[in-house]
Structures are given as structure tokens and as C-alpha cells.
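The numbering used here numbers the first residue of the sequence shown as 75 and each following residue consecutively.
Report on the structure given below.
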Amino acid sequence: ASGTGVGGIHYYSDELYERARRASRGEQLIRAALACDGVLCFLQPIVSVREGGRVVAFEALMRLRDGEEGIALPGAFIEAAESTGLIHQLSQQLIDKALHILVDPAFTDRFGQDFVININLSRHQLKDVMLVDDMMTLIHKHGADPRRVNLEITESAVLAEPAIALRNLVRLREHGISIALDDFGSGYSSLSQLCELPLDCIKIDRRFVMDLEHEPRKRHVMTSVIDLCRRLEFRVVVEGVEECATLRTVCDMGAEQIQGFIYARPMPSQDVLGRLNATLLP
Ligand code: C2E
Ligand code: CA
Ligand code: CA
Ligand code: CA
Numbered sequence: 075a076s077g078t079g080v081g082g083i084h085y086y087s088d089e090l091y092e093r094a095r096r097a098s099r100g101e102q103l104i105r106a107a108l109a110c111d112g113v114l115c116f117l118q119p120i121v122s123v124r125e126g127g128r129v130v131a132f133e134a135l136m137r138l139r140d141g142e143e144g145i146a147l148p149g150a151f152i153e154a155a156e157s158t159g160l161i162h163q164l165s166q167q168l169i170d171k172a173l174h175i176l177v178d179p180a181f182t183d184r185f186g187q188d189f190v191i192n193i194n195l196s197r198h199q200l201k202d203v204m205l206v207d208d209m210m211t212l213i214h215k216h217g218a219d220p221r222r223v224n225l226e227i228t229e230s231a232v233l234a235e236p237a238i239a240l241r242n243l244v245r246l247r248e249h250g251i252s253i254a255l256d257d258f259g260s261g262y263s264s265l266s267q268l269c270e271l272p273l274d275c276i277k278i279d280r281r282f283v284m285d286l287e288h289e290p291r292k293r294h295v296m297t298s299v300i301d302l303c304r305r306l307e308f309r310v311v312v313e314g315v316e317e318c319a320t321l322r323t324v325c326d327m328g329a330e331q332i333q334g335f336i337y338a339r340p341m342p343s344q345d346v347l348g349r350l351n352a353t354l355l356p
């Protein structure tokens, strides 16, 4: 940071410095994790309230091993992974682990033959012309059913390179893979995407769910969004439900699938069978 005493400049360079520091820390984390099989697959269940709390899917959430005991969250490395392109290698390893879980007999015995795994795709991956082939290679390697794979994308990721992204999405769906629009309602997603993108599922963002009970406008918008998605025949997942009151509210609005701390936090995949039943209570 400069010591000039000019407030604005001082602040600006501090922020740049902080960002650069975080990026290089993120890159260190990533390289260390790649060197020691430290890409970890955490899972968070997605629950169907219509089916009495049955676990119908898991979202695979990436974590990196950090030292002996530590675990790094995406906030510490996803940006660096994107800017360095290392996201490809990280994601390849995460997808490999997620697909392994999908066909693991211990998991299918507990959660059924048709539970789904949700995997996040970044901007970089969506514009990669090898995306579909790489994905199908991994799916075949595990003998997995592509209809049990749901890829989560964001509008901003599509907009980075819309033509290639769109082509990728169409091809993925031709293989039977389904597509979810993530973080809907977070400010970066617009209604036009609901008309234009090939989609199967909408995930309503956590920020939109917060304080729902106390904000009548949010409630009206939420009710309409859920209704709209049903008319468009999209599955709707409401994310980030933490409180019973919120759960009741969104269920009254017709929400069918819920993901949130109210059921379970993301956990290491090896803990799932010890901790989660086939149906969950709030
Ligand atoms: P996301 O895709 O929106 O994932 C959901 C995030 O919300 C997760 O954070 C999850 O822990 C958190 N969450 C779930 N339920 C609740 C709740 O009830 N309350 C609160 N406060 N939070 C909840 P996480 O695991 O830290 O991931 C953050 C973001 O990192 C993800 O947001 C996603 O954008 C990105 N990410 C995670 N794994 C991957 C990956 O494998 N590839 C890519 N490209 N991005 C990933
Ligand atoms: Ca997601
Ligand atoms: Ca989300
Ligand atoms: Ca997000």
C-alpha cells in the first residue's frame, strides 16, 4: 500500500494488494492439493419435501486439503482456480470422485438406484470445446447413467462465451445429462435466460430466501417464480433454507425440493452413510 495519505489511492492499492495476496495464496493451496490427492468431494443432500423428506440428490462441493488438519473452502481458491485455468484439473478430480459415489453400491443401497449427483461447472469449463467429451469419458469410465448427472451452471458463466456454452449444453442434454440454472434470483440471472437456455432445473439462490418470512415483496416474487418454473416444467430447488419458518413458507408456496442447513450441511462423502438416512427430517 502507498503511504501517500491520499485516502482513495491508499484504499485502492490496499485492495489490489489484498486481492493479489489472496490469489497467490489460492494458487499455492491448489498446487499443494493437486500434488497430494487433496481435492475433496463434500456432499450436501437435496431433499424432496413432497416425498416425505427423501434424499433425491447430492450437490458435490469442492474442498481442498490444507496442511495436516485443515480444509479450505471454495471462497479461498475458486477465483484463483478460474484465473489460472487450474479449475479444469480440480474439477476433473472432483467429478471423478462424485461419479464414483454415484455408482457406489453402499450409496445406491441407501439412497436408491436413481439418486442424482449435482456438479458445478465454472465459466472456463462451459466454454471448453472438450467439455462434453471429457464428461462422457468419465461417465463411461464409471459405468454411470448420464440421466443421474445434473450440471449446475450460472448465467454469467454462459455469457462469457454464449455460442460455445449453448452448444455444450445442448450436446450434454442429448447425452441425457440434465442442466440446472444455479443462483437464480441472485442479481446476475434474468428472466430471459428461462426462455433461452436449455434447462431442466432452477436453483433459487440463498440470498433470495433470507428473511423471506419478514419481507412480503420477496414472498410475492418467490411465489411467482416457483409458479413460473412449474409452468415451464422446470424442477425447482430452493437453496439455503436454515429455519423451520422458512421451510414452511416455501413449502406453502409449492416448493418441492430443498437444499439447506436445515437438513444437513455439506459433509465429507465418507461421513454420509454414517450420518444420513434415506429420508431426512428438518
Ligand atoms: P453454490 O454452487 O451456490 O453452492 C451452495 C453453497 O451454499 C455451498 O457453499 C453450501 O455450503 C452453501 N449452503 C448450502 N446450504 C446453506 C444454508 O442453508 N445456509 C448457508 N448459509 N449456506 C448454505 P460452498 O460449499 O462454500 O461453495 C461456495 C461456492 O463455490 C458454490 O456456490 C460454487 O459456486 C463454488 N463451488 C463449490 N464447489 C465447486 C466446484 O466443484 N466447481 C466449481 N466450479 N465451483 C464450485
Ligand atoms: Ca451450485
Ligand atoms: Ca447456488
Ligand atoms: Ca453461489
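All C-beta atoms in this analysis are idealised placements derived from N, C-alpha and C, irrespective of residue type, glycine included.
Since the model is a prediction, treat every value here as computed from it, not as a measurement.
Residue from the options with nearest C-alpha to residue i
| i | options | result |
| --- | --- | --- |
| residue 103 | 274, 158 and 206 | 158 |
| residue 147 | 277, 87, 340 and 351 | 340 |
| residue 165 | 120, 198, 303 and 186 | 198 |
| residue 256 | 245, 250 and 264 | 264 |
| residue 314 | 270, 284, 290 and 323 | 284 |
| residue 328 | 122, 92 and 116 | 122 |
| residue 290 | 309, 270, 266 and 323 | 323 |
| residue 266 | 292, 288 and 233 | 233 |
| residue 94 | 247, 150 and 141 | 150 |
| residue 193 | 167, 187 and 331 | 167 |
Continuous beta strand (DSSP E) stretch holding residue i: start and end
| i | result |
| --- | --- |
| residue 313 | 309-313 |
| residue 193 | 190-194 |
| residue 157 | Residue 157 -> not in any beta strand (DSSP E); alpha helix (DSSP H) instead, spanning 152-158. |
| residue 258 | 252-258 |
| residue 122 | 113-122 |
| residue 138 | 128-140 |
Where the alpha helix (DSSP H) containing residue i begins and where it ends
| i | result |
| --- | --- |
| residue 242 | 236-248 |
| residue 203 | Neither: residue 203 is in no alpha helix (DSSP H) and is coded neither H nor E. |
| residue 290 | 290-305 |
| residue 343 | 343-349 |
| residue 230 | 229-233 |
| residue 185 | 179-185 |
Whole-Å CB distance - residue i paired with residue j, under 8 Å assumed
| i | j | result |
| --- | --- | --- |
| residue 130 | residue 189 | 6 Å |
| residue 226 | residue 195 | 7 Å |
| residue 240 | residue 268 | With 8 Å as the limit, residue 240 and residue 268 do not qualify as a contact, their Cβ atoms being about 14 Å apart. |
| residue 258 | residue 278 | 5 Å |
| residue 120 | residue 310 | Between residue 310 and residue 120 the Cβ distance is about 11 Å, and since that is not below 8 Å, they are no contact. |
Residues of its chain near residue i, where Cβ-Cβ distance is below 7 Å and the 5 sequence neighbours each way are ignored
| i | result |
| --- | --- |
| residue 242 | 200, 205 and 206 |
| residue 213 | 173, 220 and 223 |
| residue 218 | 173, 176 and 177 |
Own chain residues within Cβ distance below 8 Å of residue i, not counting five before or after
| i | result |
| --- | --- |
| residue 155 | 100, 104, 161, 164 and 196 |
| residue 79 | The pLDDT assigned to residue 79 is 49, lower than 50, so where the model puts this residue is not dependable; a value taken from the coordinates is nonetheless given after this. Closer than 8 Å at the Cβ level, and outside the excluded window around residue 79, lies no residue. |
| residue 118 | 132, 133, 135, 333, 338, 339, 340 and 341 |
| residue 347 | 180, 181 and 184 |
| residue 336 | 315, 316, 317, 318, 320, 321 and 356 |
Cutoff 6 Å; reference residue i; Cβ partners in own chain excluding five residues on either side
| i | result |
| --- | --- |
| residue 244 | 272 |
| residue 325 | 123 |
| residue 97 | 154 |
| residue 77 | Residue confidence is low: residue 77 scores 46 on pLDDT, short of 50, so the model does not pin down where it sits. Its coordinate-derived value is still stated next. Within the same chain, residue 77 has no close Cβ partners at all. |
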